[in-house]
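Comments concern the structure below.
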Amino acid sequence: AQKITQTQPGMFVQEKEAVTLDCTYDTSDPSYGLFWYKQPSSGEMIFLIYQGSYDQQNATEGRYSLNFQKARKSANLVISASQLGDSAMYFCAMREVQGGKLIFGQGTELSVKP
Amino acid sequence: GAGVSQSPSNKVTEKGKDVELRCDPISGHTALYWYRQSLGQGLEFLIYFQGNSAPDKSGLPSDRFSAERTGGSVSTLTIQRTQQEDSAVYLCASTPRGSKNIQYFGAGTRLSVL
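Residue numbers (my numbering), protein chains in the order written: chain A, 31 to 144; chain B, 108 to 221.
This is the structure in structure tokens:
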């Protein structure tokens, strides 16, 4: 069965510093997609970044990058130059090959300190 | 609006009552998903619609839950005879055609069953 594990319930980072949020996954499918979403206190899930299992390079979107290590089955999110507005819950998710439903981890609550 | 729209944003009901939650996907998006997020938890898949295909109902927790999608657009999630454990945020997402199948979420409906 597919599974996503986020081992950090909460993280603190100083404003302007970089932070890495951990995510490991388990699947037997050779083709899959990995996603990171941000959920601020307002509750909306905001898409951040996507990595395909066959992508040769790590995905980047502005200050977000995904450290994809396929052999280790990890897909860590790196946020550079943290901002106060980055304080939120962050969810790692994996898409099943069939149907496309997302399987989510339990989330990491990030707090950015001024 | 350009995003996924959900209504109502908040719903308070009494145990045993039926409720209907509505989702308006992004125009032109072919797939629609419902998820449930209990307090402090990750998202749990409920049901998935793709075009005219039979929906994937594998995530519905009981036969009190049902959903329909009319005209390939608006979807309604119905919970009959609500129970206190149904209290959660119900999130809807839609997906355009494409290999990444990025899911874009609405702000959710917060359901409270008293």
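For each residue, glycine too, the CB sits at the ideal point set by N, CA and C. Remember, it's a predicted structure, so these values are computed and weren't measured experimentally.
Beta-carbon contacts of residue i that lie in its chain and below 6 Å, excluding the five residues immediately before and after
| i | result |
| --- | --- |
| Leu128 (chain B) | Leu184, Tyr197, Thr216 |
Reduced DSSP secondary structure (H/G/I, E/B, other) of residue i
| i | result |
| --- | --- |
| Gln190 (chain B) | coil |
| Leu114 (chain A) | helix |
| Met124 (chain A) | strand |
| Ala48 (chain A) | coil |
| Ala195 (chain B) | strand |
| Arg217 (chain B) | strand |
| Glu175 (chain B) | strand |
| Ala109 (chain B) | coil |
| Lys122 (chain B) | coil |
| Ala138 (chain B) | strand |
| Ser167 (chain B) | A small correction: the amino acid at residue 167 (chain B) is Leu; Ser does not occupy that position in the sequence shown. Note: Leu167 (chain B) maps to coil in three-state DSSP. |
| Gly40 (chain A) | strand |
Closest residue to residue i among the options (Cα-Cα distance)
| i | options | result |
| --- | --- | --- |
| Leu166 (chain B) | A:Ile133, A:Lys143, A:Gln81 | Note that residue 166 (chain B) is Gly in the sequence shown here, rather than Leu. The residue with the shortest Cα to Cα distance from Gly166 (chain B) is A:Ile133. |
| Tyr84 (chain A) | A:Phe121, A:Arg93, A:Phe98 | A:Phe98 |
| Leu146 (chain B) | B:Ser194, B:Tyr211, B:Leu221 | B:Ser194 |
| Asp221 (chain B) | B:Lys207, B:Phe156, B:Thr189, B:Tyr211 | Before going further, note that residue 221 (chain B) is Leu rather than Asp in the sequence given. Closest option to Leu221 (chain B), Cα to Cα, is B:Thr189. |
| Gln136 (chain A) | A:Ala31, A:Gln32, A:Thr37 | A:Thr37 |
| Ile34 (chain A) | B:Leu150, B:Pro168, B:Ala109 | B:Leu150 |
| Leu51 (chain A) | A:Gln86, A:Gln32, A:Met119 | A:Met119 |
| Arg125 (chain A) | A:Gln81, A:Leu96, A:Leu64 | A:Leu64 |
| Val142 (chain A) | A:Gln32, A:Lys46, A:Trp66, A:Pro39 | A:Lys46 |
| Pro60 (chain A) | A:Val43, A:Ala89, A:Ala101, A:Ala48 | A:Ala101 |
| Ser72 (chain A) | B:Asn117, B:Gly158, B:Gly123 | B:Asn117 |
| Leu139 (chain B) | B:Pro115, B:Thr120, B:Val119, B:Gly178 | B:Gly178 |
Anticipated Cβ contact below 8 Å, residue i with residue j, distance rounded
| i | j | result |
| --- | --- | --- |
| Gly180 (chain B) | Val111 (chain B) | Checking the displayed sequence, the identity of residue 180 (chain B) turns out to be Ser instead of Gly. Actually they do not touch by this definition, with Cβ atoms about 12 Å apart. |
| Arg93 (chain A) | Ala111 (chain A) | 6 Å |
| Gly213 (chain B) | Gln113 (chain B) | 4 Å |
| Trp141 (chain B) | Ala109 (chain B) | With a Cβ gap of about 20 Å, Trp141 (chain B) and Ala109 (chain B) do not count as contacting. |
8 Å Cβ cut-off: residues of chain C touching residue i
| i | result |
| --- | --- |
| Lys207 (chain B) | The structure shown contains no chain C; its protein chains are A and B. |
8 Å Cβ shell around residue i - same chain, five flanking residues per side excluded
| i | result |
| --- | --- |
| Pro203 (chain B) | Ile133, Gly135, His136, Thr137, Ile209 |
| Leu114 (chain A) | Glu45, Val142, Pro144 |
| Ala89 (chain A) | Ile79, Tyr80, Gln81, Ser95, Leu96, Phe98 |
| Ala211 (chain B) | Correcting the residue identity first, residue 211 (chain B) is Tyr in this sequence and not Ala. For Tyr211 (chain B), where only same-chain residues beyond five positions count, the Cβ hits under 8 Å are Gly110, Val111, Ile133, His136, Ala200, Ser201, Thr202. |
In DSSP terms, what residue i is bridged to
| i | result |
| --- | --- |
| Ala105 (chain A) | A:Phe98 |
| Ser114 (chain B) | B:Arg129 |
| Pro68 (chain A) | Just to set this straight, residue 68 (chain A) is Lys in the shown sequence, not Pro. Looking at the DSSP assignment, Lys68 (chain A) forms a beta bridge with A:Ile76, A:Tyr120. |
| Lys33 (chain A) | A:Asp56 |
| Glu151 (chain B) | B:Arg143 |
| Ser81 (chain A) | Checking the sequence, you will find Gln at residue 81 (chain A) rather than Ser. DSSP lists A:Leu64 as partners of Gln81 (chain A). |
| Ser180 (chain B) | Paired residues: none, contrary to the question. |
| Ile209 (chain B) | In the DSSP output, where bridge partners are listed per residue, Ile209 (chain B) has none listed. |
| Gln157 (chain B) | B:Ala138 |
Nonlocal neighbours in the same chain, by C-beta distance under 7 Å from residue i, ignoring five residues either side
| i | result |
| --- | --- |
| Glu91 (chain A) | Leu78, Ile79 |
| Lys164 (chain B) | Ile154 |
| Pro70 (chain A) | Ala118 |
| Ile109 (chain A) | Ala48, Val49, Arg93, Tyr94, Asp116 |
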